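Asks: If you read the sequences in order, they're chains A and B.
Quick note on numbering: the first sequence equals residues 0 to 283 in numbering that gives the first Met the number 0.
Quick note on numbering: the second sequence equals residues 0 to 283 in numbering that gives the first Met the number 0.
A virtual CB, placed ideally from N, CA and C, is assigned to each residue, including glycine.
Keep in mind it's a predicted model, so treat the numbers as computed, not measured.
Protein chains: 2
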Amino acid sequence: MPLRVVRTIDEVRTSLAERRGSGTIGLVPTMGALHAGHARLIDHARAECPTVVVSIFVNPLQFDRADDLAHYPRPLDADLALCERLGVDVVFAPAPDAIYPEPPDVTVHVGATAQYLCGAFRPGHFNGVATVVLKLFDIIQPDVAYFGEKDAQQLAIVRRMVADLNVPVRIAPVPTVRETDGLALSSRNQHLNEAERALAPGLFRALTVARDAVASGVADAEVVKRRAAGTLPSDERLRLEYLELVDPRTFQPVQRVEGPVVAAAALWVGKTRLIDNVLCTPPA
Amino acid sequence: MPLRVVRTIDEVRTSLAERRGSGTIGLVPTMGALHAGHARLIDHARAECPTVVVSIFVNPLQFDRADDLAHYPRPLDADLALCERLGVDVVFAPAPDAIYPEPPDVTVHVGATAQYLCGAFRPGHFNGVATVVLKLFDIIQPDVAYFGEKDAQQLAIVRRMVADLNVPVRIAPVPTVRETDGLALSSRNQHLNEAERALAPGLFRALTVARDAVASGVADAEVVKRRAAGTLPSDERLRLEYLELVDPRTFQPVQRVEGPVVAAAALWVGKTRLIDNVLCTPPA
C-alpha cells in the first residue's frame, strides 16, 4: 500500500480505524529532519507491527528558545520520501494549529525525572515533550511507540509517564545510531561546520572514557566525571553544559557507582548543542 | 449478569477486554459513599451503554487536608449493594497501592481553569483530580464518562483536559440531584448535624438569588454576588468561602454578565464544606 500522508486529527484517526483490529499499530514520533537514527526506529516498527505510523511535528511547546524553534530544520519532502522508501503506512504531519488550537491549559508535568541534565538547562522542555507525546498517544492510540536511546532522559520520562498515568502503550527503546567516528546521529548535526564537525566526536569519546572508568571499577562519580570531561580538547568552540552519572530509571545523579548508571552529557559545539549518553556498568 | 467487583488494574482490564467491541463502555468515576446523585449518573450510563463501570476510589492525591482524607466516608458494602441494584456490570475498587505503587512523578497540571474558586482554596486539588481521572481513563478506556454538574469546576477541568490532551473519551454531564429543600446531594452532607442540616439549603437559595438577579438583567457581577451572599443568614456556623460568577468554560471570574455564567459558591457549615453552583442566563 502506498504511503498515506494526513494532516488532521480526524484524518489520522479515520485512516487508522480501518487498520485497528488487524494487528498492532506502531508509532514513531519524530520532529522530522529524519536521518539514519529515525530510519532505525522505523525499521524496528516495520519488523514488529502490521501498521507503522510516523508522526512529524516540530512541537513548539518543548522549545525553550524561539530561535531554536525557528531554525529547526523542516525538510518535509525528503522526510516523506524516506518514509515511503521504508514502507511506512501513515505519516501524520499536522500543522501547529491542529495540535494546539489554543494554548493548552491542561498539560503534563514532570517532577524529579526532569530535575537534572537537560531538564535543568531547558526549563519547561520535558513538560512540553511529555504533553505532546501523550497527545500523540491519545490521537493515534498505538500499541507500541519507538524512542531512541540517544535522548535518554526523554525516554526515561516517557517510560515514567506511561507507568504513572497507566498509558496503554508499550515503549520500545532503540539503540543510538552513530557515525563511524562515534558521533550520535542528530538532526542538529547539519548545523555543524567542518571544523565543528571534527570536534563533535569528542562528546562520545568522553562518555566512553566514563564507561571504561566505571567498567574498570572506579566508583567515585566525581573521579569518573573528571576523567571523562578531561578528555575534551580545550577549544573555545567547545563548552560542556553538563556531564553527569545518573540512575537509569530516576535520572537522579549518583555519588557512588553501585550498579548500572547512565553517563549523559550536553556539549555546545559552536552554536550547536549536542547531547549523548552511554550506559556504564561496574564490574560484577 | 451479576455485578463483578475487581480490585486490580489487570483484573479490570481483563474483565473489560471481553466486553470491548460489543458496544460502548460507560464509566462513572466516584469516591464511593454513593447517594442518589451518583445513582443518577449510573442511570444515565445504564441507559446509554451496554457496559457500565463504576470506579470507587478515594483519591489521596486530591485531598489537601489529611483529616478530610481520613474522615471521608467509605461504606463499601452499601455502595456495592447500590451498584448491584442499579445493574452496574463492573465495580473497580482498587486499593491506594494499586493506583499509586509509588508517588507519581509525572502528573497532570491544570492552569487557569483551576486558578479560582475551589482551585484557589484547595492547593493541588485539581491536579490530583485531573491526574486520577486520566489514570482511570487510561486503565478502563471507556467510551463515555459521566460527571455530575454539582462539581462544576471539576467538570470544566475534565472537559478541558480531554480537549487539551486529545483524550478519546466523551464527557457526559449529569444535572445535580437535590433534596426537596434544594440542598445538593453530597457525600459530605452526612457530616451535618440537625441544626447544620437546617442551615445548609441557604447555599442553594443564595445561588438561585444570583440566578434570578442575572435573569432580571443585573449585569454587574458585584451587585449580583452581594445580593446573593446577603441572603445567607448571619449565623456563626456559616462561613462563605467564595461566591463567584465565572465563565462556564474557562472558569475565569466575570465583571459584567454578557452571556451565560456559572454562579458557584463554597460554604462552610460548621466543620463541613459544601459547594454548589447554578447556571445563570441573562435576558435575551
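Quick one: complete beta strand (DSSP E) runs, 3+ long, within the segment 206 to 282 of chain B?
Replies: If we require 3 residues or more, the beta strand (DSSP E) runs fully inside the segment 206 to 282 of chain B come out as 237 to 245, 260 to 268 and 271 to 279.
Asks: Give a yes or no on whether 7 Å exceeds the smallest Cβ distance from A111 of chain A to chain B.
Replies: For the purposes of this step, residue 111 of chain A is taken as residue 112 along the first sequence, with counting starting at 1. With 7 Å as the cut-off, A111 of chain A counts as an interface residue toward chain B.
Asks: Secondary structure at F294 of chain B, three-state DSSP: helix, strand or coil?
Replies: Because chain B in this structure spans residues 0 to 283, residue 294 of chain B falls outside the shown range and cannot be described.
Asks: Does the beta carbon of H108 of chain A sit closer than 7 Å to a beta carbon anywhere in chain B?
Replies: Here residue 108 of chain A refers to the residue found at position 109 when the first sequence is read from its first residue. So, interface residue.
Asks: Any idea if R64 of chain B is buried or exposed, counting beta-carbon neighbours within 10 angstroms, 16 or more meaning buried?
Replies: For the purposes of this step, residue 64 of chain B is identified with residue 65 of the second sequence, where counting begins at 1. Exposed is the call here.
Asks: Does DSSP classify R6 of chain A as helix, strand or coil?
Replies: What you label residue 6 of chain A is simply residue 7 of the first sequence in a count that begins at 1. Reduced to three states, the DSSP call for R6 of chain A is coil.
Asks: For Q61 of chain B versus G127 of chain B, is the C-beta spacing smaller than 7 Å?
Replies: In the second sequence, residue 61 of chain B corresponds to position 62, counting from 1. In the second sequence, residue 127 of chain B corresponds to position 128, counting from 1. The answer is yes: Cβ separation under 7 Å.
Asks: Roughly how many angstroms separate the alpha carbons of D104 of chain B and D96 of chain A, rounded to a whole number?
Replies: Here residue 104 of chain B is taken as the residue at index 105 of the second sequence, counted from 1. Here residue 96 of chain A is taken as the residue at index 97 of the first sequence, counted from 1. Approximately 29 Å between the Cα atoms of the pair.
Asks: Using a threshold of 7 Å, state whether the C-beta atoms of L242 of chain B and A227 of chain B are closer than that.
Replies: As a position in the second sequence, residue 242 of chain B is number 243, starting the count at 1. As a position in the second sequence, residue 227 of chain B is number 228, starting the count at 1. Yes, the pair counts as a contact, with Cβ atoms nearer than the cut-off.
Asks: Taking the Cβ atom as the reference point for each residue, do V90 of chain A and V4 of chain A lie within a distance shorter than 7 Å?
Replies: The count along the first sequence starts at 1 and reaches residue 90 of chain A at position 91. The count along the first sequence starts at 1 and reaches residue 4 of chain A at position 5. In contact: V90 of chain A and V4 of chain A (Cβ atoms closer than 7 Å).
Asks: Under 9 Å Cβ-Cβ, which residues of chain B neighbour V57 of chain A?
Replies: One-based indexing of the first sequence puts residue 57 of chain A at position 58. Those do not exist, as V57 of chain A stays about 18 Å from chain B at its closest Cβ, beyond 9 Å.
Asks: In the DSSP assignment, the beta strand (DSSP E) including R169 of chain B goes from what residue to what residue?
Replies: If you number the second sequence from 1, residue 169 of chain B lands on position 170. R169 to V173 is the span of the beta strand (DSSP E), which, as asked, contains R169 of chain B.
Asks: Show which residues of chain A have a CB atom less than 8 Å away from the CB atom of I170 of chain B.
Replies: For the purposes of this step, residue 170 of chain B is taken as residue 171 along the second sequence, with counting starting at 1. In chain order: nothing, as chain A lies at least about 13 Å away.
Asks: Can you check which of these residues, A:P28, A:D163 and A:L26, is closest to T106 of chain B by C-alpha distance?
Replies: In the second sequence, counting from the first residue as 1, residue 106 of chain B sits at position 107. Among A:P28, A:D163 and A:L26, the Cα nearest to that of T106 of chain B belongs to A:D163.
Asks: Tell me, please, whether the CB atom of P103 of chain B is closer than 7 Å to any CB atom in chain A?
Replies: Here the question's residue 103 of chain B lines up with position 104 in the second sequence. Chain A, which has a Cβ nearer than 7 Å to the Cβ of P103 of chain B, makes this yes.
Asks: Inspect the beta-carbon positions of A35 of chain B and L184 of chain B and report whether they are closer than 7 Å.
Replies: Against the second sequence, residue 35 of chain B aligns to sequence position 36. Against the second sequence, residue 184 of chain B aligns to sequence position 185. A contact, by the Cβ cut-off of 7 Å.
Asks: Under 6 Å Cβ to Cβ from A171 of chain B, same chain only, skipping five residues before and after it: list those, please.
Replies: Numbered from 1 along the second sequence, position 172 holds the residue referred to as residue 171 of chain B. The answer, listed in chain order, is V143 and Y145.
Asks: When you compare the segment 186 to 201 of chain A with the segment 43 to 53 of chain A, are there three or more beta-carbon pairs, one atom per stretch, that lie closer than 8 Å?
Replies: Segments in contact, no.
Asks: Kindly confirm or deny that the segment 112 to 123 of chain B and the segment 260 to 276 of chain B touch, where touching means at least three C-beta pairs closer than 8 Å.
Replies: Flag = yes, the segment 112 to 123 of chain B and the segment 260 to 276 of chain B touch.
Asks: Return the chain-ordered list of same chain residues with a C-beta closer than 6 Å to the C-beta of V217 of chain B, the five sequence neighbours on each side being excluded.
Replies: Within the second sequence, numbered from 1, the residue matching residue 217 of chain B stands at position 218. Closer than 6 Å at the Cβ level, and outside the excluded window around V217 of chain B, lie V223.
Asks: Please determine, among A:P252, A:R18 and A:L198, the residue with the shortest C-alpha to C-alpha distance to P232 of chain A.
Replies: The count along the first sequence starts at 1 and reaches residue 232 of chain A at position 233. Ranking A:P252, A:R18 and A:L198 by Cα distance to P232 of chain A puts A:L198 first.
Asks: How about D137 of chain A: is its C-beta nearer than 7 Å to some C-beta of chain B?
Replies: Counted from its first residue, the first sequence places residue 137 of chain A at position 138. It does; some Cβ of chain B falls within 7 Å.
Asks: Name the residue from B:I156, B:E148 and B:R159 whose alpha carbon lies nearest to the alpha carbon of T175 of chain B.
Replies: Within the second sequence, numbered from 1, the residue matching residue 175 of chain B stands at position 176. Ranking the options by Cα distance to T175 of chain B, first place goes to B:E148.
Asks: Report the neighbours of P167 of chain B on chain E: residues whose CB is nearer than 9 Å to its CB, in chain order.
Replies: The question asks about chain E, but that chain is absent: this structure's protein chains are A and B.
Asks: Using the Cα positions of H37 of chain A and E83 of chain A, report the straight-line distance between them to the nearest angstrom.
Replies: For the purposes of this step, residue 37 of chain A is identified with residue 38 of the first sequence, where counting begins at 1. For the purposes of this step, residue 83 of chain A is identified with residue 84 of the first sequence, where counting begins at 1. Cα-Cα distance, rounded: 13 Å.
Asks: How would you list, in chain order, the residues of chain A whose beta-carbon sits under 8 Å from the beta-carbon of R159 of chain B?
Replies: Looking up residue 159 of chain B in the second sequence gives position 160. Result: D104 and V105.
Asks: Pick helix, strand or coil for H108 of chain B, following the three-state DSSP scheme.
Replies: Here residue 108 of chain B refers to the residue found at position 109 when the second sequence is read from its first residue. If DSSP states are grouped into helix, strand and coil, H108 of chain B belongs with the strands.
Asks: Along chain B, which residues have their Cβ under 9 Å away from the Cβ of I8 of chain A?
Replies: As a first step, residue 8 of chain A is located in the first sequence; it is residue number 9 there, counting from the start. Those are N165, listed as they occur along chain B.
Asks: Give the residues of chain B in contact with L133 of chain A, contact being defined as C-beta atoms less than 7 Å apart.
Replies: In the first sequence, the residue the question calls residue 133 of chain A occupies position 134. Result: L164.
Asks: Run the CB neighbour count on S186 of chain A, radius 10 Å, all protein chains shown included, and call it buried at 16 or more, exposed below.
Replies: Taking the first sequence and counting its residues from 1, the one referred to as residue 186 of chain A is at position 187. Answer is buried; the Cβ neighbour count reaches 16.
Asks: Applying a beta-carbon distance threshold of less than 7 Å, which residues of chain A neighbour A94 of chain B?
Replies: The residue you call residue 94 of chain B lines up with position 95 of the second sequence. Near A94 of chain B there are no residues of chain A at all, since even the closest Cβ is about 15 Å away, more than 7 Å.
Asks: Bridge partners of R177 of chain B, per DSSP?
Replies: As a working note, residue 177 of chain B is residue 178 in the second sequence. In the DSSP output, where bridge partners are listed per residue, R177 of chain B has B:A183.
Asks: Below 7 Å between beta carbons: does that hold for P141 of chain B and L2 of chain B?
Replies: The residue given as residue 141 of chain B occupies position 142 in the second sequence. The residue given as residue 2 of chain B occupies position 3 in the second sequence. In this structure, L2 of chain B does not lie closer than 7 Å to P141 of chain B by Cβ.
Asks: Roughly how many angstroms lie between the CA atoms of D246 of chain B and R158 of chain B, to the nearest whole one?
Replies: Residue numbering aside, residue 246 of chain B sits at position 247 when the second sequence is read from its first letter. Residue numbering aside, residue 158 of chain B sits at position 159 when the second sequence is read from its first letter. Going by the C-alpha atoms only, they are around 14 Å apart.
Asks: Along the segment 238 to 264 of chain A, where does the CB come closer than 7 Å to a CB of chain B? Name the residues.
Replies: If the cut-off is 7 Å between Cβ atoms, the segment 238 to 264 of chain A has nothing near chain B.
Asks: Let me check understanding here. Comparing Cα to Cα, which of B:D180, B:V261 and B:F250 lies closest to D211 of chain B?
Replies: Locating residue 211 of chain B in the second sequence gives position 212, where the first residue counts as 1. Looking at the Cα atoms, B:V261 is the closest of the given residues.
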